[in-house]
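Engineer: Under the numbering used here, the final residue of the sequence shown carries the number 125; numbering is consecutive throughout. The C-beta atom is built at its ideal place from N, Cα and C for all residues, glycine as well.
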Amino acid sequence: VETALAVVLAVGSGLLAHDLVRVTRDDPGFRPEGLMAMTLNLEPRYGRDEWVPMWERIMDNARSLPGVSSVAVATQAPWDGT
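Set out below in C-alpha cells:
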C-alpha cells in the first residue's frame, strides 16, 4: 500500500512540475508587466440594474488613477480555475 501511494505521489508531483514549467514558458498573449487583477464578489441581493452602474463607477474611478492606461472587466481571469 505504501509503495502504491508513493508511486501515485511521485507521478502527481512530476505532472504538477511539468505543468508549472509549461505555464511559465507559455506566451500568455498579452504583456503581464504592470498588470493588476482583482476579484470582487457581489452580494446576491444586487440585481443587474444595480451591477451595471456600479461597474461603470468602479471602472471610471480606476481610469482616473495615475498611471492607469486601460481598464477592463471580465468574468474570468486568464488561467483562473484552470
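(1) Locate the alpha helix (DSSP H) running through T19, then write down its first and last residues.
(2) Whole-angstrom Cβ separation of A80 and A120, contact assumed at under 8 Å?
(3) Hey, how far is the Cα of G90 from the Cα of V111?
(4) Shortest alpha-carbon distance to T118 belongs to which of E76, G72, T82?
Structural biologist: Short version:
(1) Residue 19 lies beyond the range of the chain shown here (44 to 125); nothing can be said about it.
(2) Position 37 of the sequence shown, counted from the first residue, corresponds to residue 80. Position 77 of the sequence shown, counted from the first residue, corresponds to residue 120. Contact holds; Cβ gap of about 5 Å.
(3) As a working note, residue 90 is residue 47 in the sequence shown. As a working note, residue 111 is residue 68 in the sequence shown. Using only the alpha carbons, I get a separation of about 29 Å.
(4) The residue given as residue 118 occupies position 75 in the sequence shown. Of the candidates E76, G72, T82, T82 places its Cα closest to the Cα of T118.
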